[in-house]
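Beneath this line is the structure, given in structure tokens, with notes to follow.
2 protein chains.
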Amino acid sequence: MSSEVTLKQIAEALGVSAMTVSRALNDRDNVDEKTKQRVRNKAESMGYTPNRVAKSLVSRKTHTLGVVIPEITHAFFPEVVRGIEEVAYKSDYQLFLTNANELFSREKEAIETLRSQRVDGLLISSSLTHEDYSFYESIIEGGAKVVFFDRCIEDIGASCVSVNDRESSQKITEHLITEHGYTQIAHLSGPQKVSIGKERLQGYKDALEAHNLELNEEWVIQAEFKEDTGYDAMIKLLEKGREGHPDAVVAVNDPVAIGAIEAIKEHGLTIPDDIAIVGFTDDIRSSLLDVPLTTVRQPAYEMGEQAAEKLINVIEDEDATVEKIEVPTTLKIRSSCGC
Amino acid sequence: MSSEVTLKQIAEALGVSAMTVSRALNDRDNVDEKTKQRVRNKAESMGYTPNRVAKSLVSRKTHTLGVVIPEITHAFFPEVVRGIEEVAYKSDYQLFLTNANELFSREKEAIETLRSQRVDGLLISSSLTHEDYSFYESIIEGGAKVVFFDRCIEDIGASCVSVNDRESSQKITEHLITEHGYTQIAHLSGPQKVSIGKERLQGYKDALEAHNLELNEEWVIQAEFKEDTGYDAMIKLLEKGREGHPDAVVAVNDPVAIGAIEAIKEHGLTIPDDIAIVGFTDDIRSSLLDVPLTTVRQPAYEMGEQAAEKLINVIEDEDATVEKIEVPTTLKIRSSCGC
DNA sequence: ACATTGTATGTTAACGATAACATTATCAAT
DNA sequence: ATTGATAATGTTATCGTTAACATACAATGT
Chain P
1 MSSEVTLKQI
11 AEALGVSAMT
21 VSRALNDRDN
31 VDEKTKQRVR
41 NKAESMGYTP
51 NRVAKSLVSR
61 KTHTLGVVIP
71 EITHAFFPEV
81 VRGIEEVAYK
91 SDYQLFLTNA
101 NELFSREKEA
111 IETLRSQRVD
121 GLLISSSLTH
131 EDYSFYESII
141 EGGAKVVFFD
151 RCIEDIGASC
161 VSVNDRESSQ
171 KITEHLITEH
181 GYTQIAHLSG
191 PQKVSIGKER
201 LQGYKDALEA
211 HNLELNEEWV
221 IQAEFKEDTG
231 YDAMIKLLEK
241 GREGHPDAVV
251 AVNDPVAIGA
261 IEAIKEHGLT
271 IPDDIAIVGF
281 TDDIRSSLLD
291 VPLTTVRQPA
301 YEMGEQAAEK
311 LINVIEDEDA
321 TVEKIEVPTT
331 LKIRSSCGC
Chain R
340 MSSEVTLKQI
350 AEALGVSAMT
360 VSRALNDRDN
370 VDEKTKQRVR
380 NKAESMGYTP
390 NRVAKSLVSR
400 KTHTLGVVIP
410 EITHAFFPEV
420 VRGIEEVAYK
430 SDYQLFLTNA
440 NELFSREKEA
450 IETLRSQRVD
460 GLLISSSLTH
470 EDYSFYESII
480 EGGAKVVFFD
490 RCIEDIGASC
500 VSVNDRESSQ
510 KITEHLITEH
520 GYTQIAHLSG
530 PQKVSIGKER
540 LQGYKDALEA
550 HNLELNEEWV
560 IQAEFKEDTG
570 YDAMIKLLEK
580 GREGHPDAVV
590 AVNDPVAIGA
600 IEAIKEHGLT
610 IPDDIAIVGF
620 TDDIRSSLLD
630 VPLTTVRQPA
640 YEMGEQAAEK
650 LINVIEDEDA
660 TVEKIEVPTT
670 LKIRSSCGC
């Protein structure tokens, strides 16, 4: 039997109306138990699969969520997606997954398509790198239910699940200052248009300020989020060299730190003796490096769970409020910081 | 404007019929250029988003693919999904992603739901661990378009994209024999009900046989696919101990090898001097271990691409044939084998 | 005997878009 | 002016399901 079996076909085969079949299969009241059984058997034997497309058209609900992430390569986002998936599964939602590949244009396209699909809600980690939020504003105003995670766009009426990047960044920088006494600390930053890039830089600055260390603008080099940009930024930093190299480096995330480590090694320097370095994310590789990387652990799975729970809440409860949900980070002290 | 704008509403606002609006927005012939422009402007200003649900009901095509994977934690499947996503994106398909969590019951449920969603096709990496293929048979007979990848179910009328597990397993085992002269080689196998479990064991046996080494059944221990099962299996192997431990171990995949390495270290043995070990997969961590792991590299991204291409081909071309597509593996020789 | 209640079923219309067919307007050719 | 062809637009029915209302019939109470 083909997958094209419809209620009407079952109805005809049994000599009843389509409505009765619908009622029987949805186990409603007011249907004779014998009829229900007859219908169920027939549906089974004809290989009936309910058509959610038709159902969605009537109910204006698709029971689907759109997930938009900026990349799938590293361990972080898959882990977030696993958390999302788990919650969605339990609440009987299906997931549309799209990878924007760090391109906002592609993200926009993806969101547009997902809205066409009439997803009940959107989970977005933004690839935006400029400061024009009008696209998000318009879709939210247009009634889309959105929850951001990790890379958030704030104050535009959508909830957000992330870690406290600024505070965490400050904490790990302070670890370098108070535990190890470093004073010459550089930062390989992320793009300043992305919230986590800005926040983490700010946390680094906060730490310096709190300990009366002077900020050397020359030692803040902008990378992006991947290994090669970390490598390049570190090379730049090492080649400035007039005033010598820094004691320690705070990288915007672990992939950047991993790239930087390679550059440091190539320059014949050792970690942590010549230069200490710390990251952010706790990439799956970080504990396995020659000199295990001290970093900030972000609970990715939990972040996914929280984001999905919040979104489903927004979808199902009319008066859910806009929230900023922070999931706690933990410092993962390993040896790259000098410990 | 809410997302609930319909063609009819635009039509009313302009005093034309819904059909004209539909034609204008789809840029059909036989519509006055001025009308088209008026319609487009109005649609834009009202924030119209076409409803794919309604469209799908008419066209009986959803332009969506269902992807079912057994796990998302490790790097392999995310990378496959990235390949799938890329191809789907280019061909304008959306992806439903579901994680079966290594549970066949959950996979079955997922497939049923995806069929309800009327996905145009399914990409499946099976979590099946028994030998009853009737579920797959029935959905394929029911007209579902299916392409398996990595963990395939063969000879039931669906195409399959995978590596040649048996041959690759034989090759890496032979590397241990011919390059290093090991003769006491153990195997930590996968579940024998899963194709890759069976095939890789078989490849291991082929290698022994080809070199006239006796197969010691005691040294084939069944693990599953994760670290903890590798650890447990290795402990079992080490504690048999009457005849001493093996020279070398062939693990069914890298996570199992990583678990086993821990067990080996705990027993105070060193790799590769006391026991050499090799894996399969080329996990992102494998090159970063204390003793980098020799393994078989599976081109995950390419596997995803091929699987998606094949599926789209099956969907769009009536007389596409059933194929077994093999993507080539490469040996990643590092130092855990003794090199 | 008859209104009343309740159970089991049927009919119609709707969700939003579009294919297929129908109608009207426009213009050139005779 | 009339015809025919073509361009522009409208109408109806359909996809599969279900809500809302309608009907048929049996059982109950007075």
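Protein chains in written order, with our numbering: chain P, 1 to 339; chain R, 340 to 678. Yeah, the Cβ is synthetic: ideal placement off N, Cα and C, and Gly gets one too. In this text, all values refer to a predicted model and were calculated from it rather than measured experimentally.
Cutoff 7 angstroms; reference residue i; Cβ partners in own chain excluding five residues on either side
i              : result
P611 (chain R) : V630, S674, S675, C676, G677
K537 (chain R) : Q531
T669 (chain R) : R636
E441 (chain R) : P409, E410, S466
E605 (chain R) : none
I349 (chain R) : V360, V378, K381, A382, M385, Y387
Same chain only: Cβ atoms within 8 angstroms of residue i, ignoring 5 sequence neighbours per side
i              : result
Y472 (chain R) : I492, I495
P50 (chain P)  : L25
V327 (chain P) : V161, S162, V163, Q298, P299, E302, M303, Q306
I140 (chain P) : V146, I156, G157, A158
N30 (chain P)  : R23
Under 9 angstroms by beta carbon: chain P residues contacting residue i
i              : result
D474 (chain R) : Before going on, a small fix: residue 474 (chain R) reads as Phe here, not Asp. Going along chain P, no residue has its Cβ under 9 angstroms from F474 (chain R), so there is no contact; the nearest lies around 12 angstroms.
A414 (chain R) : T73, H74, A75, P78, I284
Any non-hydrogen atom of the ligand MG closer than 7 angstroms to residue i Cβ
i              : result
Y231 (chain P) : As far as ligands go, the structure on display features none, and thus does not contain the ligand MG.
Contact list for residue i against chain P, beta-carbon separation under 8 angstroms
i              : result
G386 (chain R) : S138, G142
P389 (chain R) : S116
Nearest to residue i (by Cα), restricted to the options the options
i              : options                        : result
E323 (chain P) : P:T329, P:E309, P:D283         : P:E309
I325 (chain P) : P:S286, P:D27, P:A158          : P:A158
P70 (chain P)  : P:N30, P:K34, P:L128           : P:L128
F564 (chain R) : R:R490, R:E476, R:T452         : R:R490
H682 (chain R) : R:E424, R:D613, R:K347         : With chain R covering 340 to 678 only, the question about residue 682 (chain R) has no answer from this structure.
V220 (chain P) : P:E227, P:L238, P:N212, P:H211 : P:L238
L353 (chain R) : R:V666, R:E425, R:E343, R:N380 : R:N380
N212 (chain P) : P:R166, P:I177, P:K108         : P:I177
F342 (chain P) : P:S45, P:V194, P:T329, P:E218  : In the structure as shown, chain P begins at 1 and stops at 339. Residue 342 (chain P) is therefore absent and cannot be evaluated.
T522 (chain R) : R:N438, R:G386, R:T660, R:N555 : R:N555
S45 (chain P)  : P:V5, P:E86, P:I111, P:I261    : P:V5
N313 (chain P) : P:T20, P:R52, P:A88, P:R23     : P:A88
V278 (chain P) : P:A43, P:Q117, P:K332          : P:K332
Q376 (chain R) : R:V360, R:A449, R:K575         : R:V360
I535 (chain R) : R:R505, R:I574, R:R421         : R:R505
H245 (chain P) : P:A75, P:L269, P:H130, P:I258  : P:L269
E85 (chain P)  : R:A393, R:L436, R:L650, R:R454 : R:L436
A602 (chain R) : R:A525, R:F619, R:E476, R:E566 : R:E566
Residues near residue i by beta carbon distance below 6 angstroms, same chain, minus five either side
i              : result
A223 (chain P) : L188, T229, G230, A233, V256
V80 (chain P)  : A300, M303, G304
S286 (chain P) : D254, L293, T295
A276 (chain P) : A248, C337, G338
S17 (chain P)  : A11
T173 (chain P) : Y204, A207, V250
M340 (chain R) : Residue confidence is low: M340 (chain R) scores 38 on pLDDT, short of 50, so the model does not pin down where it sits. Its coordinate-derived value is still stated next. Around M340 (chain R): M385, G386.
Under 9 angstroms from the C-beta of residue i: neighbouring residues of chain R
i              : result
I72 (chain P)  : P417, E418, V420, R421, E424
Q298 (chain P) : The contacting residues do not exist; Q298 (chain P) stays about 16 angstroms from chain R at best.
P255 (chain P) : Neighbours of P255 (chain P) on chain R: none; closest Cβ ~11 angstroms, over 9 angstroms.
T62 (chain P)  : V392, Q456
Contacts that residue i makes with chain R (C-beta to C-beta distance below 7 angstroms)
i              : result
A54 (chain P)  : L396
S127 (chain P) : Those within 7 angstroms of S127 (chain P) in chain R number zero; the least Cβ separation is about 14 angstroms.
L289 (chain P) : L627
Contact list for residue i against chain P, beta-carbon separation under 7 angstroms
i              : result
F435 (chain R) : Q94, L95, F96
N438 (chain R) : R82, E85
Next item on the list: Spell out a yes or no on whether the segment 242–256 of chain P and the segment 192–209 of chain P are touching, meaning 3 or more CB-CB pairs, one atom from each, closer than 8 angstroms.
Entry: yes
Notebook entry, point to check: Of the residues that make up the segment 640–674 of chain R, which ones have a beta carbon closer than 8 angstroms to any beta carbon in chain P?
Noted result: none
Notebook entry, point to check: Do the segment 426–434 of chain R and the segment 401–412 of chain R make contact, defined as three or more Cβ pairs closer than 8 angstroms?
Noted result: yes
Next item on the list: Would you list, in chain order, the members of the segment 266–287 of chain P that have their beta-carbon closer than 8 angstroms to a beta-carbon of chain R?
Entry: I284, R285
Next item on the list: May I ask you to list, following chain order, the residues of the segment 4–31 of chain P that have a beta carbon less than 8 angstroms from some beta carbon of chain R?
Entry: Close to chain R, meaning a Cβ-Cβ distance shorter than 8 angstroms, are the following residues of the segment 4–31 of chain P: E4.
Next item on the list: Quick one: which residues of the segment 109–121 of chain P get their C-beta closer than 8 angstroms to a C-beta of chain R? List them in chain order.
Entry: E112, T113, L114, R115, S116, Q117, R118
Item checked: Interfacial residues, the segment 165–193 of chain P to chain R, with Cβ spacing under 8 angstroms -> Under the 8 angstroms Cβ criterion, the segment 165–193 of chain P contributes no residue.
Check: Are the segment 106–125 of chain P and the segment 138–151 of chain P in contact at 8 angstroms, needing three or more beta carbon pairs?
Finding: A contact is defined here as three or more CB-CB pairs under 8 angstroms, and the segment 106–125 of chain P meets this definition with respect to the segment 138–151 of chain P.
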